[in-house]
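Scroll down for the structure; my scribbles are underneath it.
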Amino acid sequence: MDPRSEVLLRQVELFGGDLLLAGLPADDLLGRLPAAHGWSWHAGEHAALTARFAGRCRFGVAPDERPFAAAVLFLPKSAELARYLLDSLAARLPGGELYLVGEKRGGIESAARQLQAFGRPRKLDSARHCQLWQVTVEQAPALPVLEERAQRYRLQATDGPLEVVSLPGVFSHGRLDRGTALLLERLDGLPPGDLLDFGCGAGVLGALLKRRYPQSRVILLDVDAFALASSRLTLAANGLEAQTIAGDGIRDAPDGLAAIVSNPPFHQGVHTDYRATEDLLREAARHLRPGGELRLVANSFLKYPPLIERHLGPCQVLAEGNGFRVYRAGRER
């Protein structure tokens, strides 16, 4: 059981009614709170919850339309996303109870101050290195419009400017990160066929791939619903069409790809986690057609070349700078 769920269950008498659990972990909390339903924006956690509690959890950037008498937000890593989520929940809870739970090292105490906009928050519990806060929503905000919380910037690419639309919580929100910038310089010469932007974030790579290779089918895959929504907005802002897929890693990608291009994620919540990238390197060959290739950027200190060569083939360094390297490896025919 996740420690945040354990803290909730210490106050289980508060959570017997129609309750929305927003951003809930994939544990047994729904089993312990039979009147509750969930809202998840993490595809992997949602899949695990749906397998155990069919019909009781929604995936996306908004909860479903069913009413709820109270809500618990499991604090996300991004402060901007937390503000959007708290406003979204409080807008639907005038006079109701809004709870916030999170790890101390995740910033729960500073996040709890945001509850002051809705009423008088109070700390209910502190245990398992977590805190639980509650507020009665006396001043409900207007329901926020997600697109109005977006940050937009223009990227000057070799084939013209690209409009990027970044939503709260998405990697490198509102700016181009250095790793992606380096990879963008090495997108030429990809083999013809289906192209995958793995861990698409705001859709920078996927949009540029579609513009540079208009005859190719381009697929953008991410575990996060807000990233996929950002990618769709970026594609639309540039008059481009591509497929977006919610998936918990490379196993959810299609087969027969001509290329996988990625600035792969290695952070999950407040913890560092390299599993998604390591799985990508181990399994890329299964999703590439013969002659297909993997092209990715990663921090220079990460020892990825031996893993790439073990599972795919000879690894070439295409570029290096600002603490990053761009790697290329092809699947042998």
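Take the sequence shown: its position 227, counting from 1, is numbered 227 in UniProt numbering, and each next residue is one higher. The beta carbon of each residue, even a glycine, is placed where N, CA and C say it ideally should be.
- Counting of Cβ neighbours within 10 angstroms places E320 among the exposed residues, the total staying below 16.
- A direct Cα-to-Cα measurement between E148 and P168 gives close to 10 Å.
- In the DSSP assignment, H46 falls within the unbroken alpha helix (DSSP H) covering 43-52.
- Under the three-state reduction of DSSP, T136 is assigned to strand.
- A91 and E97 have their C-alpha atoms some 12 Å from each other.
- Judged by DSSP secondary structure, Y99 falls within the beta strand (DSSP E) whose first and last residues are 97-103.
- For A258, the enclosing beta strand (DSSP E) begins and ends at 257-262.
- Here P141 has D87, A90, A91, A117, F118 as same chain residues with Cβ atoms under 8 Å from its own Cβ, once five neighbours each way along the sequence are excluded.
- Taking the Cα of E13 as reference, the smallest distance to any Cα among R128, P254, G23, A35 is reached at A35.
- I219 and L312 have their C-alpha atoms some 21 Å from each other.
- For Y327, the beta-bridge partners assigned by DSSP are L296, V317.
- For the pair R56 and L85, the CB atoms are not nearer than the 8 Å cut-off.
- Here the region 22-29 makes no contact with the region 143-158; the two share fewer than three CB pairs at distances below 8 Å.
- In this structure, DSSP gives H37 an extended state, which the three-state scheme calls strand.
- Contact check for G106 and L75: beta-carbon distance about 6 Å, within the 8 Å limit, so the pair qualifies.
- For the pair D194 and G256, the Cα-to-Cα distance works out to about 8 Å.
- Contact between F226 and V61 holds, since their C-beta atoms are separated by about 6 Å, short of 8 Å.
- Short of 8 Å from the beta carbon of I108, and not among the five residues preceding or following it, lie these beta carbons of its own chain, in chain order: L75, L100, V101, G102, C130, Q131, W133.
- Between G330 and G292, the C-beta gap is smaller than 8 Å, which places the two residues in contact.
- The beta carbon of A157 is closer than 7 Å to those of L184, L208 in its chain, skipping five residues each way along the sequence.
- Close CB contacts of D279 within its chain, under the 7 Å cut and outside five residues either way in sequence, are with G249, I250 (chain order).
- The C-alpha of V137 lies about 48 Å from the C-alpha of R282.
- For P161, the enclosing beta strand (DSSP E) starts and ends at 160-166.
- P305 sits in a helix when the DSSP states are folded into three classes.
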